Every structure is written in structure tokens, then in C-alpha cells.
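> In my numbering, the protein residues as written are 107 to 222. Backbone N, C-alpha and C define an ideal beta-carbon position, used for all residues, glycine too. What you are looking at is a predicted structure, and each value in this text was computed from that prediction instead of being measured.
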Amino acid sequence: VQLQASGGGLVQAGGSLRLSCAASGIRFSLYAMGWYRQAPGKQRESVAVIKSGGTTESADSVAGRFTIPRDNTKNTVYLQMNSLKPEDTAVYFCNARISSKSRAYWGQGTLLTVSS
107 VQLQASGGGL VQAGGSLRLS CAASGIRFSL YAMGWYRQAP GKQRESVAVI KSGGTTESAD
167 SVAGRFTIPR DNTKNTVYLQ MNSLKPEDTA VYFCNARISS KSRAYWGQGT LLTVSS
């Protein structure tokens, strides 16, 4: 199983960016896909999740600014980030899990830096 996250970079506050996570080695459409982030000195936190049926959940801190679409034909999940804030600066990881009781697979992380 491999999750390849990409798309991070440096962006100004108020800007937008889209992260991608391409999965291989799993039946992608059956998995809930999630984005997590870890800022320096902080614990990893959930950002947004999209379940296999398309239901999404997002953290209060990003609600209304971030969306998490998925493309099952490309085995890819995205994180569309708008109205970025300096506090969104973190390493972003993607995650795949077939159920809440199963193990989770993790990607390698991609760094987002938002300048003020």
C-alpha cells in the first residue's frame, strides 16, 4: 500500500492550494480517506475525512474553507484549501482506512507554509 501526498508549498495568507494524495495497493473506493496535519510542537490532528460513500467531515477550524473531494477513477483524494491562514501551516498527511476498527495507512506528508 502506498499513499503519495503532494502539492504542498509556500502560499500567502488568503490564498488557495490543493493537495493531492494518490493511493495504490488498495481498493480505493472502499476506503475512507482523510487528511491530517501536524504543526511544529503540536500533535497530529484530523483536518477532513471523506467516507467511501462520499460523506465528509471536517474540523471546525477549517469548516467552510477546506473541502475534501475524491476521484475514485484516479484513486486520488484532494484537499482543496481556500482562505488560508498562517495557523494552517503544518505538514499534511493523508490516511486510508477501510473501517474504524481496521488499521490505517499513512502517506509521507507534504509541507504547507502560509505566510502572513
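Any idea which residues DSSP pairs Thr-219 with across the strands?
Leu-116
> Hey, would you say Ser-158 sits closer than 8 Å to Ser-135, going by beta carbons?
yes
> Kindly indicate the opening and closing residues of the beta strand (DSSP E) around Ser-135.
Counting along the chain, Ser-135 falls outside any beta strand (DSSP E), and DSSP gives it neither H nor E.
> Look at Val-197 and Gly-215 and say whether their C-beta atoms are less than 8 Å apart.
yes
> Restricting to Cα atoms, I'd like to know which of Gly-147, Asn-181 and Ser-167 is closest to Met-139.
Asn-181
> Report the partner residues of Asp-239 according to the DSSP bridge assignment.
Residue coverage of the chain in this structure runs from 107 to 222, which leaves residue 239 outside it and unanswerable.
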